[in-house]
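Trainee: Numbering (my numbering), first residue to last: 1 to 293.
Glycine included, each C-beta is placed from N, C-alpha and C at the ideal position.
Here you go, one structure.
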């Protein structure tokens with residue numbers, strides 16, 4: 001079967017299965033299997049797939065029509081312009097989470113996370129619930145391009161398979177980072193200038209209403225924030241004071257309706273200068289504050 005017919009067939013199957021953006025996913029999979037660029041496709045849409053390519057494409061289409069995430073089929077997801085390996089053990093990086101990385105980089109660039117306000121001061125970062133490592137590794141990658149910054153970082157997770165994925169991503173990207181198996185701070189005795197986290201924050205009862213790609217294939221432990229979605233925010237804000245340097249910064253990704261609750265949790269536990277940042281859709285997405293007790 002040629003490129004055009006395969007593309008059209010896949011898009012039809014995806015649409016029937018309720019896949020969001022069926023045309024786009026059909027194209028991504030065709031490109032993934034054949035390596036054909038858009039320019040090459042339009043130059044010769046009647047080009048036949050080889051037998052091996054056809055078999056591989058059919059298998060990919062079957063998986064995507066079953067609502068297996070595109071990223072689990074291709075094995076990668078772009079985040080902050082970097083390619084990360086992903087699998088069933090980690091949350092697929094979302095564009096919304098890039099706001100957390102961008103805000104962290106702004107603070108680091110301005111010296112806000114260092115003890116004396118200087119960019120060249122040594123800064124130790126911690127990423128709780130690191131998953132694929134996309135947050136920590138992106139911050140280290142882009143901050144590392146600034147010759148004045150002196151950063152090191154640790155990522156922790158309760159899932160050992162997730163940590164293996166994060167270590168693999170660090171190696172592939174050429175970034176030095178430490179990854180620790182830990183239930184939040186349990187195995188992390190040190191202090192940090194900045195703690196970042198995108199913890200599980202979906203309300204337990206809301207998980208059944210998520211898209212199949214998320215509900216069935218993202219790890220449940222990366223989604224479920226207990227009855228009100230705030231369980232991890234409570235634990236982290238309560239415990240982080242013992243693990244932050246004086247005037248250290250705690251940064252969270254949040255659900256779009258959680259800013260007020262997370263802000264209050266941080267205030268109660270001694271954080272000041274609490275700031276809420278919105279994502280590109282204008283929704284509350286990041287909360288951060290400074291620990292000054």
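1. Any heavy atom of the ligand ZN closer than 7 Å to the CB of residue 249?
2. In angstroms with no decimal places, state the Cα-to-Cα distance between residue 161 and residue 46.
3. For the putative contact between residue 125 and residue 136, defined by C-beta atoms under 8 Å, what is the C-beta separation to the nearest angstrom?
4. Straight-line CA distance for residue 51 to residue 3?
5. Give me whichever residues DSSP pairs with residue 270 in a beta bridge.
6. Taking the Cβ atom as the reference point for each residue, do residue 199 and residue 249 lie within a distance shorter than 8 Å?
7. Candidates 101, 104 and 78: which alpha carbon is nearest residue 92's?
8. Distance, Cα to Cα, residue 101 vs residue 240?
9. Do residue 96 and residue 131 have their C-beta atoms within less than 8 Å of each other?
10. Find out if the Cβ-Cβ distance for the pair residue 269, residue 191 is shorter than 8 Å.
11. Using only the alpha-carbon positions, how far apart do residue 98 and residue 182 sit?
12. Give, in chain order, every unbroken run of the beta strand (DSSP E) that is at least 3 residues long and sits entirely within the stretch 121 to 195.
13. Rounded to whole angstroms, what's the CA-CA distance from residue 245 to residue 291? Just pull it up for me.
14. Quick check: the stretch 6 to 19 against the stretch 60 to 71, are at least 3 beta-carbon pairs closer than 8 Å?
15. According to DSSP, is residue 96 part of a helix, a strand, or is it coil?
16. If you follow the alpha helix (DSSP H) that residue 233 is in, where does it begin and where does it stop?
17. Which value, in whole angstroms, describes the spacing of the CA atoms of residue 175 and residue 288?
18. Would DSSP call residue 37 helix, strand or coil?
19. For residue 201 and residue 282, which I take to be in contact (beta-carbon distance under 8 Å), what is that distance rounded to the nearest angstrom?
20. State the DSSP-derived secondary structure class of residue 292, mapped to helix, strand or coil.
21. In angstroms with no decimal places, state the Cα-to-Cα distance between residue 172 and residue 32.
22. Just verifying my parser: in three-state terms, what is the DSSP assignment at residue 103?
23. Which term fits residue 1, buried or exposed, when burial requires 16 or more other beta carbons within 10 angstroms of its beta carbon?
24. Taking the alpha-carbon positions, what's the residue 155 to residue 133 distance?
25. Excluding the 5 residues flanking residue 229 on each side, which residues of the same chain have their C-beta closer than 7 Å to its C-beta?
26. Just to confirm the assignment, what range does the beta strand (DSSP E) spanning residue 83 have?
27. For residue 51, which of helix, strand or coil comes out of DSSP?
Mentor: Reading off the structure:
1. Summarising the ligand content, the structure contains no ligands, and the ligand ZN is consequently not present.
2. Each residue's Cα considered, the two are about 43 Å apart.
3. About 7 Å; that satisfies the 8 Å criterion.
4. Near 13 Å, if we compare the C-alpha coordinates of residue 3 and residue 51.
5. Paired residues: none, contrary to the question.
6. Not in contact: residue 199 and residue 249 (Cβ atoms no closer than 8 Å).
7. For residue 92, the closest alpha carbon among the candidates 101, 104 and 78 is that of 78.
8. Approximately 19 Å between the Cα atoms of the pair.
9. Not closer than 8 Å, so no.
10. No, the pair does not count as a contact, with Cβ atoms beyond the cut-off.
11. Taking the straight line joining both Cα atoms gives about 24 Å.
12. Listed in chain order, the complete beta strand (DSSP E) runs (minimum 3 residues) inside the stretch 121 to 195 are 122 to 128, 150 to 157 and 178 to 181.
13. When only Cα atoms are considered, residue 245 and residue 291 end up about 8 Å apart.
14. Yes: the two stretches touch, three or more of their Cβ pairs being nearer than 8 Å.
15. For residue 96, the three-state secondary structure derived from DSSP is helix.
16. Taken as a continuous stretch (DSSP letters only), the alpha helix (DSSP H) holding residue 233 covers 231 to 240.
17. Between the alpha carbons of residue 175 and residue 288 lies a distance of about 25 Å.
18. Looking at residue 37 - three-state DSSP - the assignment turns out to be coil, as it is neither helix nor strand.
19. Actually they are not in contact, since the Cβ atoms of residue 201 and residue 282 sit about 19 Å apart, beyond 8 Å.
20. The DSSP-derived three-state label of residue 292 is coil.
21. CA-to-CA, the gap between residue 172 and residue 32 works out to about 19 Å.
22. Helix at residue 103.
23. Classification of residue 1: exposed, given that the 10 Å Cβ count is below 16.
24. Straight-line measurement puts the Cα of residue 133 at about 7 Å from the Cα of residue 155.
25. Around residue 229: 201, 202, 203, 255 and 258.
26. Taken as a continuous stretch (DSSP letters only), the beta strand (DSSP E) holding residue 83 covers 82 to 85.
27. Three-state result, residue 51: helix.
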